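Chemist:
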Amino acid sequence: MTFKMIKLMLKRPSAISPRYGNFLFGLLCGWILSRAIHVWTTSGWITAPNAQNNSPAFNISESVRVLCWVMTTPDNHQEKVIHIQATWGARCNKLLIMSSVADPSIGSIALPVEEGRKSLWNKTREAFRYIYEHHLEEYDWFFKADDDTYVVVENLRYFLYPYSPQLPIYFGSKFRYPEYVKQGYFSGGAGYVLSREAVRRFNEQALGDVQHCSAAYDTEDLEMGKTRKCMESVNVTAGDSRDSLGRKRFLPMEPVFHLTSSVTEDPDFWYNQYSYYEPFYGKNCCSDLAISFHYVPGKHMHMMDYLIYDLHAWGRRYQDAPLAKAKTLQEAMAVAGPYPISTLRPKTEMSVVST
Numbered sequence: 001m002t003f004k005m006i007k008l009m010l011k012r013p014s015a016i017s018p019r020y021g022n023f024l025f026g027l028l029c030g031w032i033l034s035r036a037i038h039v040w041t042t043s044g045w046i047t048a049p050n051a052q053n054n055s056p057a058f059n060i061s062e063s064v065r066v067l068c069w070v071m072t073t074p075d076n077h078q079e080k081v082i083h084i085q086a087t088w089g090a091r092c093n094k095l096l097i098m099s100s101v102a103d104p105s106i107g108s109i110a111l112p113v114e115e116g117r118k119s120l121w122n123k124t125r126e127a128f129r130y131i132y133e134h135h136l137e138e139y140d141w142f143f144k145a146d147d148d149t150y151v152v153v154e155n156l157r158y159f160l161y162p163y164s165p166q167l168p169i170y171f172g173s174k175f176r177y178p179e180y181v182k183q184g185y186f187s188g189g190a191g192y193v194l195s196r197e198a199v200r201r202f203n204e205q206a207l208g209d210v211q212h213c214s215a216a217y218d219t220e221d222l223e224m225g226k227t228r229k230c231m232e233s234v235n236v237t238a239g240d241s242r243d244s245l246g247r248k249r250f251l252p253m254e255p256v257f258h259l260t261s262s263v264t265e266d267p268d269f270w271y272n273q274y275s276y277y278e279p280f281y282g283k284n285c286c287s288d289l290a291i292s293f294h295y296v297p298g299k300h301m302h303m304m305d306y307l308i309y310d311l312h313a314w315g316r317r318y319q320d321a322p323l324a325k326a327k328t329l330q331e332a333m334a335v336a337g338p339y340p341i342s343t344l345r346p347k348t349e350m351s352v353v354s355t
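UniProt numbering numbers the first residue of the sequence shown as 1 and each following residue consecutively.
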């Protein structure tokens with residue numbers, strides 16, 4: 001029945017029974033309401049509910065604002081970076097690509113450094129200088145990744161939620177080298193995340209003093225944490241990111257290594273030597289809210305995305321862990337435990353491993 005027919009019948013009420021009149025009146029009201037809703041939603045006056053926007057992960061994306069930056073080289077712009085941009089990088093509040101060449105196809109930033117492994121530390125220094133000058137007040141946390149790091153950004157935000165960005169702290173996969181770093185340092189490949197206050201201290205207190213933060217070549221991750229230099233020298237705490245079962249969240253190797261490795265009992269293997277905490281292997285290797293893995297090839301990032309975000313086991317339901325209450329700097333130093341700190345002593349004659 002068209003709107004014109006309804007109008008015609010309403011003009012001749014004597015031809016309409018009371019019951020039929022009520023029906024027509026209800027039909028007319030429904031039509032008017034549907035038109036009003038259409039106008040409101042298409043004009044932007046109201047917004048239809050969005051399941052994704054109402055998810056817990058979406059709800060904390062603005063209260064835990066994470067800037068991610070990726071260290072890369074021109075050779076890897078199309079080989080690796082484009083896959084990060086198409087997967088986990090899109091979930092950061094901001095993604096910066098730090099290279100030595102400005103490439104419009106990926107929007108990379110050209111840092112004033114030469115390429116090569118000997119330039120990794122200087123590239124890191126320049127990247128954090130750029131972030132400090134352009135983005136410090138816009139974001140709460142600043143995550144550094146390599147171009148073969150895969151990150152579950154939602155788990156990163158969940159982990160950081162209890163901590164204030166005003167705390168001088170940073171987190172990652174903790175390694176040790178007692179002769180150099182008292183509080184440990186973080187693997188570069190697994191990524192590490194600095195609070196806003198940590199970035200401020202790094203730039204304002206450490207970078208300007210060559211005694212604190214040498215510009216000379218050294219392994220990037222070790223130099224970042226070194227005793228009398230950089231983070232430790234300006235009282236930025238290297239926090240403990242393990243979960244309540246002592247399992248790691250930042251993993252310095254690819255998932256298959258941690259799950260199936262045969263080096264478990266080899267005390268001379270570098271990971272067993274340098275891990276600050278006793279490493280676990282097999283299904284107990286990693287937190288079920290793991291944050292990052294290293295050595296993930298570009299195309300494999302799409303596989304990781306599918307397995308994490310799209311694949312479901314029929315009949316299984318997973319309950320999200322509740323958000324934690326605010327934590328202090330002291331609480332960031334150790335998880336509920338105790339869980340073992342590795343007792344192996346790194347061989348001093350071995351070269352420092354940078355992952």
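Every residue, glycine too, gets a C-beta built ideally from N, C-alpha and C. In this text, all values refer to a predicted model and were calculated from it rather than measured experimentally.
Less than 8 Å between the C-beta atoms of Phe-171 and Gly-184, yes or no?
Modeler: Here residue 171 refers to the residue found at position 171 when the sequence shown is read from its first residue. Here residue 184 refers to the residue found at position 184 when the sequence shown is read from its first residue. Cβ atoms of Phe-171 and Gly-184: not closer than 8 Å.
Chemist: Put Thr-72 into one of helix, strand or coil per three-state DSSP.
Modeler: The count along the sequence shown starts at 1 and reaches residue 72 at position 72. Coil at Thr-72, not helix or strand.
Chemist: Can you tell me where the beta strand (DSSP E) holding Ile-131 begins and where it ends?
Modeler: In the sequence shown, counting from the first residue as 1, residue 131 sits at position 131. Unbroken run through Ile-131 is the alpha helix (DSSP H), 120-134; no beta strand (DSSP E).
Chemist: CB Leu-251 to CB His-294, shorter than 8 Å?
Modeler: Your numbering for residue 251 matches position 251 in the sequence shown. Your numbering for residue 294 matches position 294 in the sequence shown. In this structure, His-294 lies closer than 8 Å to Leu-251 by Cβ.
Chemist: So for Phe-280, helix, strand or coil by DSSP?
Modeler: Numbered from its first residue, the sequence shown carries residue 280 at position 280. Three-state DSSP puts Phe-280 in coil, outside helix and strand.
Chemist: Consult DSSP for Lys-226 and reduce its assignment to one of helix, strand or coil.
Modeler: Start at 1 with the first residue of the sequence shown, and residue 226 comes out as number 226. Since pLDDT at Lys-226 reaches only 46, below the 50 mark, its modelled position is unreliable, and the value read off the structure follows with that caveat. Lys-226 falls in the coil class under three-state DSSP.
Chemist: Check whether the stretch 81-93 and the stretch 301-312 are in contact - that is, three or more C-beta pairs closer than 8 Å.
Modeler: yes
Chemist: Give me, in chain order, the residues of the same chain whose beta-carbon lies closer than 7 Å to that of residue 358; leave out the 5 immediate sequence neighbours on both sides.
Modeler: Because the chain is modelled from 1 through 355, residue 358 falls outside the range shown and cannot be assessed.
Chemist: Quick one: any contact between the stretch 70-84 and the stretch 96-113, if contact means 3 or more CB pairs under 8 Å?
Modeler: yes
Chemist: From the DSSP output, read off the bridge partner residues of Val-151.
Modeler: One-based indexing of the sequence shown puts residue 151 at position 151. DSSP, once it has assigned bridges, lists Ser-292 as partnering Val-151.
Chemist: Hey, how far is the Cα of Thr-328 from the Cα of Arg-125?
Modeler: On the sequence shown, residue 328 is found 328 positions in, with the first residue counted as 1. On the sequence shown, residue 125 is found 125 positions in, with the first residue counted as 1. For Thr-328 and Arg-125, the distance between alpha carbons rounds to 28 Å.
Chemist: Taking its Cβ as the centre, do 16 or more other Cβ atoms sit within 10 Å of Glu-133, making it buried, or is it exposed?
Modeler: For the purposes of this step, residue 133 is taken as residue 133 along the sequence shown, with counting starting at 1. Glu-133 should be labelled exposed.
Chemist: What do you get for Trp-314, buried or exposed, if any count of 16 or more other CB atoms within 10 angstroms of its CB means buried?
Modeler: The residue labelled residue 314 in the question sits at position 314 within the sequence shown. By the 10 Å Cβ count, Trp-314 comes out exposed.
Chemist: Leaving out five residues before and five after Glu-138 in sequence, what residues of the same chain have Cβ atoms less than 7 Å from its Cβ?
Modeler: One-based indexing of the sequence shown puts residue 138 at position 138. So the list is empty, once near-sequence residues are dropped.
Chemist: Enumerate in chain order the residues of its own chain whose CB-to-CB distance from Gly-298 is below 7 Å, with the five nearest sequence positions on each side excluded.
Modeler: Looking up residue 298 in the sequence shown gives position 298. Cβ neighbours of Gly-298 beyond the five flanking positions: Glu-79, Lys-80 and His-83.
Chemist: DSSP state of Gly-246, grouped into three classes?
Modeler: To locate residue 246, count along the sequence shown from 1; it is residue 246. Here DSSP, grouped into helix, strand and coil, assigns Gly-246 to coil.
Chemist: For the candidate residues Phe-143, Arg-117 and Ala-110, whose alpha-carbon lies nearest to that of Asn-93?
Modeler: One-based indexing of the sequence shown puts residue 93 at position 93. Out of Phe-143, Arg-117 and Ala-110, Phe-143 has the C-alpha closest to the C-alpha of Asn-93.
Chemist: For the alpha helix (DSSP H) that contains Met-333, what are its first and last residues?
Modeler: To locate residue 333, count along the sequence shown from 1; it is residue 333. Where Met-333 is concerned, there is no enclosing alpha helix (DSSP H), given that its DSSP letter is neither H nor E.
Chemist: Let me know the secondary structure DSSP gives Arg-176 once reduced to three states.
Modeler: Position 176 of the sequence shown holds residue 176. Assignment of Arg-176 by DSSP, reduced to helix, strand and coil, places it in the strand class.
Chemist: Would you call the CB atoms of Pro-162 and Ser-195 closer than 8 Å?
Modeler: Counted from its first residue, the sequence shown places residue 162 at position 162. Counted from its first residue, the sequence shown places residue 195 at position 195. No. Outside cutoff.
Chemist: Residues in the same chain with beta-carbon distance under 8 Å from Asp-266, minus the five sequence neighbours each way, listed in chain order, please.
Modeler: Here residue 266 is taken as the residue at index 266 of the sequence shown, counted from 1. Same-chain partners within the cutoff: Asn-272.
Chemist: Starting from Asp-146, trace the beta strand (DSSP E) both ways and give me its first and last residue.
Modeler: Walking along the sequence shown from the start, residue 146 turns up at place 146. Asp-146 -> beta strand (DSSP E) spans 141-146.
Chemist: Per DSSP, what kind of secondary structure is Val-263 in: helix, strand or coil?
Modeler: Taking the sequence shown and counting its residues from 1, one reaches residue 263 at position 263. Coil.
Chemist: Ignore the nearest five residues each way along the sequence and tell me which others in Ala-332's own chain have a CB closer than 6 Å to its CB.
Modeler: One-based indexing of the sequence shown puts residue 332 at position 332. Within the same chain, Cβ atoms closer than 6 Å to the Cβ of Ala-332 are found at Ile-169 and Gly-239, the five residues on either side in sequence being excluded.
Chemist: Closest by CA to Ile-106, which one among Val-113, Glu-114 and Ile-97?
Modeler: Against the sequence shown, residue 106 aligns to sequence position 106. Closest option to Ile-106, Cα to Cα, is Ile-97.
Chemist: Does DSSP put Phe-269 in a helix, a strand or coil?
Modeler: Position 269 of the sequence shown holds residue 269. Collapsing the DSSP output to three states places Phe-269 in coil.
Chemist: What does DSSP give as the partner residue(s) for Met-98 in the beta ladder?
Modeler: Here residue 98 refers to the residue found at position 98 of the sequence shown. DSSP lists Met-71 and Ile-109 as partners of Met-98.
Chemist: Ordered along the chain, which non-local residues of its own chain (more than five positions away) have a Cβ less than 8 Å from that of Phe-269?
Modeler: Along the sequence shown, one-based indexing puts residue 269 at 269. Contacts found: Val-263.
Chemist: For Gly-116, which of helix, strand or coil comes out of DSSP?
Modeler: Numbered from its first residue, the sequence shown carries residue 116 at position 116. Three-state DSSP puts Gly-116 in coil, outside helix and strand.
Chemist: Indicate the three-state DSSP secondary structure (helix, strand or coil) for Tyr-185 in the structure shown.
Modeler: Residue 185 sits at position 185 when you count from the first residue of the sequence shown. Strand.
Chemist: Can you tell me whether Asp-320 is buried or exposed, with buried defined as 16 or more other CB within 10 angstroms of its CB?
Modeler: On the sequence shown, position 320 is the one that residue 320 refers to. The residue in question, Asp-320, is exposed, as its Cβ has fewer than 16 Cβ neighbours within 10 Å.
Chemist: What's the C-alpha gap between Ser-173 and Lys-182?
Modeler: To locate residue 173, count along the sequence shown from 1; it is residue 173. To locate residue 182, count along the sequence shown from 1; it is residue 182. Each residue's Cα considered, the two are about 15 Å apart.
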